[in-house]
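*Asks:*
Protein chains: 2
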Amino acid sequence: MSIYTGNILRINLSYEKFNLEKLNFSWAENFYGGKGLGFRYLIEELAPKIDPLGKDNKLIFFPGIFSGTPLSSSSKLCIITKSPATQTILDSSVGGFLASEIKFAGLDGIIVEGSSIKPVFLEIINAEVKFHKAEFLWGLSTHEVEYKLRETLKDDNYKIISIGAAGENLVPYSCLTTELYRQAGRGGIGAVMGSKKLKAIAIKGTKGFKIDRPKEFLKKAQNYINKKSLNKNNLWAYTDGTPIIISMANSSGVLPTRNFQMATFRQSEKINSQSINQKLKKRKACFGCVLACGKFIEIDGVKIEGPEYETLSIAGSNCGISDLKAISLFNKICDQYGLDTISLGNTIAFVMELTERNMYDFGIKFGDQENYLKIPELVAKRKGIGEVLAQGVRAISEKYGGREFAMQIKGLEFPGYEPRGSWGMSLAYATSDRGACHLRAWPIGEEAFGDLDPFTIEGKAELVIKEQNLSALKSSIGICDFWSFDFKDLAKFLELFLEEKNTSEELFKKGERIWNLGRIFNLREGFRRKDDYPPERIFKDPLPNGKAKGKFIPKAEYDKMLSEYYNLRAWNEEGIPNLEKLKELNLETLWKIS
Amino acid sequence: MSIYTGNILRINLSYEKFNLEKLNFSWAENFYGGKGLGFRYLIEELAPKIDPLGKDNKLIFFPGIFSGTPLSSSSKLCIITKSPATQTILDSSVGGFLASEIKFAGLDGIIVEGSSIKPVFLEIINAEVKFHKAEFLWGLSTHEVEYKLRETLKDDNYKIISIGAAGENLVPYSCLTTELYRQAGRGGIGAVMGSKKLKAIAIKGTKGFKIDRPKEFLKKAQNYINKKSLNKNNLWAYTDGTPIIISMANSSGVLPTRNFQMATFRQSEKINSQSINQKLKKRKACFGCVLACGKFIEIDGVKIEGPEYETLSIAGSNCGISDLKAISLFNKICDQYGLDTISLGNTIAFVMELTERNMYDFGIKFGDQENYLKIPELVAKRKGIGEVLAQGVRAISEKYGGREFAMQIKGLEFPGYEPRGSWGMSLAYATSDRGACHLRAWPIGEEAFGDLDPFTIEGKAELVIKEQNLSALKSSIGICDFWSFDFKDLAKFLELFLEEKNTSEELFKKGERIWNLGRIFNLREGFRRKDDYPPERIFKDPLPNGKAKGKFIPKAEYDKMLSEYYNLRAWNEEGIPNLEKLKELNLETLWKIS
Chain A
219 MSIYTGNILR INLSYEKFNL EKLNFSWAEN FYGGKGLGFR YLIEELAPKI DPLGKDNKLI
279 FFPGIFSGTP LSSSSKLCII TKSPATQTIL DSSVGGFLAS EIKFAGLDGI IVEGSSIKPV
339 FLEIINAEVK FHKAEFLWGL STHEVEYKLR ETLKDDNYKI ISIGAAGENL VPYSCLTTEL
399 YRQAGRGGIG AVMGSKKLKA IAIKGTKGFK IDRPKEFLKK AQNYINKKSL NKNNLWAYTD
459 GTPIIISMAN SSGVLPTRNF QMATFRQSEK INSQSINQKL KKRKACFGCV LACGKFIEID
519 GVKIEGPEYE TLSIAGSNCG ISDLKAISLF NKICDQYGLD TISLGNTIAF VMELTERNMY
579 DFGIKFGDQE NYLKIPELVA KRKGIGEVLA QGVRAISEKY GGREFAMQIK GLEFPGYEPR
639 GSWGMSLAYA TSDRGACHLR AWPIGEEAFG DLDPFTIEGK AELVIKEQNL SALKSSIGIC
699 DFWSFDFKDL AKFLELFLEE KNTSEELFKK GERIWNLGRI FNLREGFRRK DDYPPERIFK
759 DPLPNGKAKG KFIPKAEYDK MLSEYYNLRA WNEEGIPNLE KLKELNLETL WKIS
Chain B
219 MSIYTGNILR INLSYEKFNL EKLNFSWAEN FYGGKGLGFR YLIEELAPKI DPLGKDNKLI
279 FFPGIFSGTP LSSSSKLCII TKSPATQTIL DSSVGGFLAS EIKFAGLDGI IVEGSSIKPV
339 FLEIINAEVK FHKAEFLWGL STHEVEYKLR ETLKDDNYKI ISIGAAGENL VPYSCLTTEL
399 YRQAGRGGIG AVMGSKKLKA IAIKGTKGFK IDRPKEFLKK AQNYINKKSL NKNNLWAYTD
459 GTPIIISMAN SSGVLPTRNF QMATFRQSEK INSQSINQKL KKRKACFGCV LACGKFIEID
519 GVKIEGPEYE TLSIAGSNCG ISDLKAISLF NKICDQYGLD TISLGNTIAF VMELTERNMY
579 DFGIKFGDQE NYLKIPELVA KRKGIGEVLA QGVRAISEKY GGREFAMQIK GLEFPGYEPR
639 GSWGMSLAYA TSDRGACHLR AWPIGEEAFG DLDPFTIEGK AELVIKEQNL SALKSSIGIC
699 DFWSFDFKDL AKFLELFLEE KNTSEELFKK GERIWNLGRI FNLREGFRRK DDYPPERIFK
759 DPLPNGKAKG KFIPKAEYDK MLSEYYNLRA WNEEGIPNLE KLKELNLETL WKIS
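Next comes the structure, spelled out in C-alpha cells:
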C-alpha cells in the first residue's frame, strides 16, 4: 500500500518561485519519510562546508509517512537542515497540526531554499505559494505572529509555524514554534529560517489525504491503538508526562543541578509532576493522537502549555531555580521569543558557574530568579550581556574559560540527564548525530531507570546502537517518541498498515542505514573521533551526592566504550564506516574512503 | 631625479610565498607613493564588495617617496586596505621608523595578501621573508610583542609593527602599533591584519637607500628645513603639540563634550597643553624629523607617549572625563590592546548617553572613570559588555536606538571637532574617503580657529576640496600633517628635491586625481549621496553653550553645500564624477558611468 502523494513542493526564496516535483520513490523506499528521507535529500543537495546561515542552506519539512491518517502519534513534522549551532546535520521534530496539513495539501514534504532579502512569510494553499512581505511581522513574538496571521489571512484553518526575535537575530539555539507552545527546538533551525528572512509559513490543505480501503484502515487503526497505544507503556504521557522524570532522576542521582555540579536537587519536589498536576487546567493533543500529552497549567496568572522535563531540569534545578512559576514564565518567554530552553538553560547555568568561580562576573548566580527571567529577552534581541549568552556554552567557554565544565558536545548543550549516573548516556550524547541529544538513544531508561548497572560500560555500546537505529527509523516513519516500540513491534506495525514485510533484522539495518547517512554528512564536514567526547567534568569530577555519589567515568573506560561502539558499527578508529559496511548499506557512493 | 628603488615585495600568507616585483612606474609617476599609489594598486587588485575581513583583502604598506632620506617630516608609512569599519577604501598613516626601514630594505613598498590559518609573524630582511609561527605572541599586547620579538630575534635593529588583542578579535576599530605608542589608528586595519592571523611584522633593511648626488641633497635639505620646517608654522608641534587645541577648541565652542551634547568643557584646563607640559619627561622624533612632536609624560607613575588632542577631547571631555591621569592610562591601555581611542571614546560616550536617556542601561554614565578604565580590555577581548561596545557607534545605534546622535559617518566615529561650530567641518567629515575624518580637510583651521565665518556654508565647499586635494597629495608624497604646506610650497619642494616642475594648478589636479580614485573605489562599493550625511543631531540640536551657542546646521543649508561640493568636483547629484572629469583625470577606465 502506498502512503505517498508523490509530490514535493520546492520553494525558492531568492527568486520567489516554487514548483511541484516528483518524490524520489527509490529514496522513499529506503528511507520512508521524515528524518531518513530528509537526510537523503539534504546530503544530495548540500555541498560540504556551506555556511548554515548562508543562502545555500535548505530547510526540509517532511511529515511522517502516516501523518494525516487516523493513526495515533504519527503527527510529527521533521525539519532537516544543517545546524548553525553544531555544523552537523540536524533533524528536529515538532508535533501539532502541520504534518497532517502538509499531507492534506497533497504533499509529501516541502523544501525551502535560497534566501530573501526582505522579511517574507509564505502562504501555502495546497501546491500554490504566495510570497508576502513580512515587515509587519518582523520583531513580533511567535505568539503574536500566530494571532496576527490569523487576523491577516482571515481564516483559522491555516497551520502556522514561525520564528521569534531569536531566530531573526540568528541565535544558534533559536527554534521554530507552532500552536504557541510546540517547538522544533534544538540546533538552531530558527536561525536558519531567520537567515533566510523567512518569518513564518502558513499552510492550508484542502485536498484531504486519500488512502486505499479507508474503512479497513480505520478499523485496523482503532484496534491497534486500543491494544498498543492505550496501555501502561504509554499512558504515563497522558497522566503525568515528562515531568514524572524529575522524581525518578532525583532519586536515581541523575538530575542535573547547578550546571552539572550535582545530580540531586533539594527542592525537586517543588518542580515534580505532582506539583504540576495540581495546576493542570486542560489538555491538548496533536492531530489524531490519543495520548494527548499537552498539559496547560496556570500558576498565579501564568498560563502555559508545559513545562516539560527538559525545561524543569535544565532551566530549573540546573540553574538552581526551584520556583515553578518562575520556570513556567521562563519557558513561556522562551516560547515567545523562539528559544530552546535546554540550550539557554545550560548557557545560564554555565555563566552562573563562571561567575561563582570568579572567572568572569556575568552578574548572575545560581538561584537568582530575578535576573534569570530577564535573560531570554536580552538573548533573543542580542542586547547587552545577551550578546554573550546568545553564543551558547561552547563559544562562551572558548573565550571565558571553563571548557572542562562546558556541558556541550559538538556545540549542542546537554539535556537533563547526568551521564555519570548512567554511563551509557555519555556515549548516547557523544555519538548523537546532532550533538548532545537524549532523543537518539536513551540508555538511561535501562540503566538508572531500569535494571542495567549504570556504572559500567559493559553492553552500553550495543544498547546505544540499537536505540539509535530504532529512533532513526521511528523518526523516519514518523512515530512519536512517546509511543514505545521495539523492532518487533515496528515490523508488525508496518506489516499491518503498510503491507510491507520486514524482519526485525531488516528493520535494524534500515535504521542503521539512516544512521550512517547522518554520519557520512558529518564526516564530510570534518567531524572525527575527537568530536565524540563529553567535557572533562564527566571524566574527572566525582558526583558529590545522591545515588551516584563519588561516580565519574574514567577516561580510559570511555575510550574503550567509544572504540567498541565504532567497532560494532563497523567504523574505523576515527569513526569512518568501512567499505564493506557502506556497500552493505548501499551508501558507498556517498562517501569516498580516504 | 628618481627616488624609487623600483621594487615591491609581495607576500602571500595563504601559501607562505613571496616575490619581488617591479614597481609600476607609470602609476608612481601619477600617484607618487603612500596613499595615492596605494589607492591605485588597491583599486586594481580588489574586486568590489569583497569582505574586508576575508582572505581577498590586502594590506599595502607604502612609505612616502622621501622616507629614508634626511628630509624632515617624511617618515610616514601609509597603510592602504579596505576598511572593515566602513567598507570604504582606507589609508591610515603611522610615523616612527618603519617607512625608512622599508626603503633601507631596498623596497618601495610591501603588499600582503591571502590569509594564514594559524598565527604568524613575518621577519623581513631586505627582500627575504621568513614566515614564523606566532602562537607564542597571540594574545600579547603590542608592547609585549615589541619586547618579545626583540628577545626572540636577538637584534634591536628590527622595526616592528603589530596588533593587540583588539586586532586579533577583529574589533572594527583596532589599529596597528609601532614603537609602543605610534598607531595607524583609524578604520580597523588591526582587524584586517587579525583576520589574516598576522600578529606582527619585523623588518630590517641593510641596504641603505641611495640617492643621486647625496651631498648636494643633504645640503639642500638642511637649508630648506632651517627655513621652512623650523618656523612658527610648525614649531607648535614641538612646543605644545596637538594638546594646544584643547584651549582653542574650548574657547571657540567646538570641543566635543558629553557625546557632542555640548561644545565646551568646564574642566578643560585640567586636560590642556599646559597641564600636559607640566608632566613632560622627554621627547621623541620619527626618523629624521626635526619637529620631534613625541612627548613622554609621567603622571603618578603612569608613563606614556601622548595623549594627543583627539584622545584628550574624544576620550576626555566627550566622555565627561577630566582627570589627565585617567585619560593617559586609558590611552596607554588602548595602545597596548591596539584600539583607536577616537572610535572607542565615541563609543563609550554614545552608550553613556543611551544610559542617561534610559534607552538601555550599559552601566556607565558620563564621568564614570572607574568603569571607563575597564572598557578597553573588555572591548579588545570582546568580553561581557565589550561584545556590544566592540561593534562601534553605528552598529550599536541600529540595535539600541539613538541613530540621530550616533556621531559617525559611514561607520567611522567623529574626531574631536564640533561641526556646528565650524560648518565646513560637517562637509569635511561627510565627504572624507574613509568616513568621519579630520585629516582629509580641516577647514576649522580657517573657520573657528581662523578668520572665516564658521556659521555659514559660503565658500566651504571650495575650501574643503582644496584641502582634500592637497592632503591627498601630501599623503602620497609622504609629508607629515604637522608640516604646513600649500600648493605653492609643494611645487617648490618638488622642484628642489625631485627636480620635477609643476604649477600649483597641476599639483591641484594631481591631488584631485587621487581624491577621485578614492571616490571611484567607494562608488564601486555602492556609496552614494545618502552616505555623505552627518547624523541628525548636527541638523537639529542647537549647541547649548559656548561661542557657538544656539547653532546648528539647517539641513537645507547642508544639502546646498553638498550639492555645491559635488558641482565643483564635477560630480553629479549622487556624487558620481562626470565623464569629462574622469577623462581629464585619466580615470575613465576605472569607472563605468551607469
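If you read the sequences in order, they're chains A and B. Just so you know, the working numbering puts 750 at position 532 of the first sequence, and the rest follows in order with no gaps. Just so you know, the working numbering puts 332 at position 114 of the second sequence, and the rest follows in order with no gaps. Glycine included, C-beta positions come from ideal geometry on N, C-alpha and C.
#1: Pick out whichever of B/G696, B/E792, B/G663, B/R731 has its Cα sitting closest to the Cα of B/L799.
#2: Are A/R742 and A/P795 close, meaning C-beta to C-beta below 9 Å?
#3: When you compare the region 316 to 332 of chain A with the region 414 to 431 of chain A, are there three or more beta-carbon pairs, one atom per stretch, that lie closer than 8 Å?
#4: On a CA-only basis, which of A/E792, A/A774, A/L761 is nearest A/N477? Give me that one, please.
#5: In the structure shown, what three-state DSSP assignment does A/I675 receive?
#6: Express the C-alpha separation of A/G524 and A/T457 in angstroms, rounding to a whole number.
#7: Among A/A345, A/K415, A/T396, A/K543, which residue has its Cα nearest to the Cα of A/F354?
#8: Pull up the DSSP beta-bridge partners for A/E341, would you.
#9: Output, in sequence order along the chain, the residues in the region 597 to 610 of chain A whose CB is closer than 8 Å to any CB in chain B.
#10: Tell me where the beta strand (DSSP E) around A/K377 begins and ends.
#11: So with CB distances below 9 Å, who are the chain B contacts of A/Y618?
#12: Please give the ranges of any alpha helix (DSSP H) in the region 388 to 420 of chain B, keeping only runs that are unbroken, at least 4 residues long and fully inside the region.
#13: Please report the residue range of the beta strand (DSSP E) in which A/P281 lies.
#14: Nearest to A/C537 by CA position, among A/I517, A/K513, A/T565, is which residue?
#15: Once DSSP output is grouped into helix, strand and coil, what is the label at B/W641?
#16: Taking Cβ-Cβ distances shorter than 9 Å, what residues in chain A pair up with B/Y578?
#17: If we define contact as Cβ-Cβ less than 9 Å, is B/V569 a contact residue for chain E?
#18: By the three-class DSSP mapping on this structure, what secondary structure does B/S447 have?
#19: How is the alpha helix (DSSP H) around B/K710 delimited, first residue to last?
#20: For the alpha helix (DSSP H) that contains B/S615, what are its first and last residues?
#21: How many whole angstroms separate the CB atoms of A/R612 and A/Q626, which I take to be in contact at a CB cut-off of 8 Å?
#22: Where in the region 269 to 333 of chain B do unbroken runs of the alpha helix (DSSP H), each at least 4 residues long, occur, reported from the N-terminal end onward?
#23: With three or more beta-carbon pairs closer than 8 Å as the criterion, would you say the region 640 to 659 of chain A touches the region 478 to 493 of chain A?
#24: Can at least three beta-carbon pairs, one atom from the region 272 to 279 of chain B and one from the region 330 to 341 of chain B, be found at a separation below 8 Å?
#25: Return the first residue and the last residue of the alpha helix (DSSP H) that A/K500 is part of.
#26: According to DSSP, is A/P432 part of a helix, a strand, or is it coil?
#27: Would you list the residues sitting across from A/I517 in a DSSP beta bridge?
#28: Evaluate contact between the region 595 to 607 of chain B and the region 551 to 571 of chain B, counting only Cβ atoms and requiring at least three cross-stretch pairs below 8 Å.
#29: Kindly indicate the opening and closing residues of the alpha helix (DSSP H) around A/L227.
#30: What are the start and end residues of the alpha helix (DSSP H) that includes A/E588?
#31: Taking the Cβ atom as the reference point for each residue, do A/N740 and A/I307 lie within a distance shorter than 9 Å?
#32: Who does A/I627 pair with in a DSSP beta bridge?
#33: Closer than 6 Å by C-beta to B/E571: which residues in its own chain qualify, once you throw out the five before and the five after it? Chain order, please.
#34: By DSSP, does A/E239 sit in helix, in strand, or in coil?
#35: Give me the Cα-Cα distance between A/E754 and A/R621, rounded to the nearest whole angstrom.
*Replies:* On the basis of the supplied data:
#1: Taking the first residue of the second sequence as position 1, residue 799 of chain B is located at position 581. A small correction: the amino acid at residue 799 of chain B is Lys; Leu does not occupy that position in the sequence shown. Ranking the options by Cα distance to B/K799, first place goes to B/R731.
#2: Walking along the first sequence from the start, residue 742 of chain A turns up at place 524. Walking along the first sequence from the start, residue 795 of chain A turns up at place 577. Taking 9 Å as the Cβ cut-off, A/R742 and A/P795 do not qualify as a contacting pair.
#3: yes
#4: Locating residue 477 of chain A in the first sequence gives position 259, counting from the first residue. Minimum Cα distance to A/N477 is reached at A/L761.
#5: Stepping through the first sequence from its first residue, residue 675 of chain A is reached at position 457. The three-state secondary structure of A/I675, taken from DSSP, is coil.
#6: In the first sequence, the residue the question calls residue 457 of chain A occupies position 239. In the first sequence, the residue the question calls residue 524 of chain A occupies position 306. So the two alpha carbons sit approximately 13 Å from each other.
#7: In the first sequence, counting from the first residue as 1, residue 354 of chain A sits at position 136. If you compare the alpha carbons of A/A345, A/K415, A/T396, A/K543 with that of A/F354, the shortest gap goes to A/K415.
#8: Within the first sequence, residue 341 of chain A is the residue found at index 123, counting from 1. Partner(s): A/K348, A/A420.
#9: Listed in sequence order: K599, R600, K601, G602, I603, E605, V606.
#10: Locating residue 377 of chain A in the first sequence gives position 159, counting from the first residue. Element bounds for A/K377: 377 to 380.
#11: As a working note, residue 618 of chain A is residue 400 in the first sequence. Below the 9 Å Cβ cutoff, chain B contributes K601, G602 as neighbours of A/Y618, in chain order.
#12: 407 to 413
#13: The count along the first sequence starts at 1 and reaches residue 281 of chain A at position 63. Membership of A/P281 in the beta strand (DSSP E) is indicated by the continuous run 277 to 281.
#14: One-based indexing of the first sequence puts residue 537 of chain A at position 319. Comparing Cα positions, the closest option is A/T565.
#15: The residue you call residue 641 of chain B lines up with position 423 of the second sequence. B/W641: helix per DSSP, three-state reduction.
#16: In the second sequence, residue 578 of chain B corresponds to position 360, counting from 1. Chain A residues near B/Y578: K601, G602.
#17: Going by chain labels, chain E is absent from the structure shown, which instead holds the protein chains A and B.
#18: The count along the second sequence starts at 1 and reaches residue 447 of chain B at position 229. Looking at B/S447 - three-state DSSP - the assignment turns out to be helix.
#19: Numbered from its first residue, the second sequence carries residue 710 of chain B at position 492. 705 to 716 is the span of the alpha helix (DSSP H), which, as asked, contains B/K710.
#20: Reading the second sequence from its first residue, position 397 is the one you call residue 615 of chain B. Counting along the chain, the alpha helix (DSSP H) containing B/S615 begins and ends at 610 to 618.
#21: Working through the first sequence from its first residue, we reach residue 612 of chain A at position 394. Working through the first sequence from its first residue, we reach residue 626 of chain A at position 408. Right, the Cβ-Cβ distance comes to about 5 Å (below 8 Å), so this counts as a contact.
#22: You should have 316 to 322.
#23: no
#24: yes
#25: The count along the first sequence starts at 1 and reaches residue 500 of chain A at position 282. It is not in any alpha helix (DSSP H) - A/K500 instead sits in the beta strand (DSSP E) that spans 498 to 502.
#26: Your numbering for residue 432 of chain A matches position 214 in the first sequence. Judged by DSSP in its simplified three-state form, A/P432 adopts helix.
#27: Here residue 517 of chain A corresponds to residue number 299 of the first sequence, with the count starting at 1. According to DSSP, A/I517 bridges with A/V520.
#28: yes
#29: As a working note, residue 227 of chain A is residue 9 in the first sequence. From DSSP, A/L227 is part of no alpha helix (DSSP H) but of the beta strand (DSSP E) over 225 to 230.
#30: For the purposes of this step, residue 588 of chain A is identified with residue 370 of the first sequence, where counting begins at 1. That run of the alpha helix (DSSP H) goes 587 to 598.
#31: Position 522 of the first sequence holds residue 740 of chain A. Position 89 of the first sequence holds residue 307 of chain A. A contact, by the Cβ cut-off of 9 Å.
#32: To locate residue 627 of chain A, count along the first sequence from 1; it is residue 409. Note: A/I627 sits in a beta bridge opposite A/L630.
#33: Counting from one through the second sequence, the residue named residue 571 of chain B turns up at place 353. Closer than 6 Å at Cβ, skipping near neighbours: N477.
#34: Looking up residue 239 of chain A in the first sequence gives position 21. In the structure shown, A/E239 sits in a strand (DSSP, three-state: E or B).
#35: The count along the first sequence starts at 1 and reaches residue 754 of chain A at position 536. The count along the first sequence starts at 1 and reaches residue 621 of chain A at position 403. Cα to Cα, A/E754 sits roughly 8 Å from A/R621.
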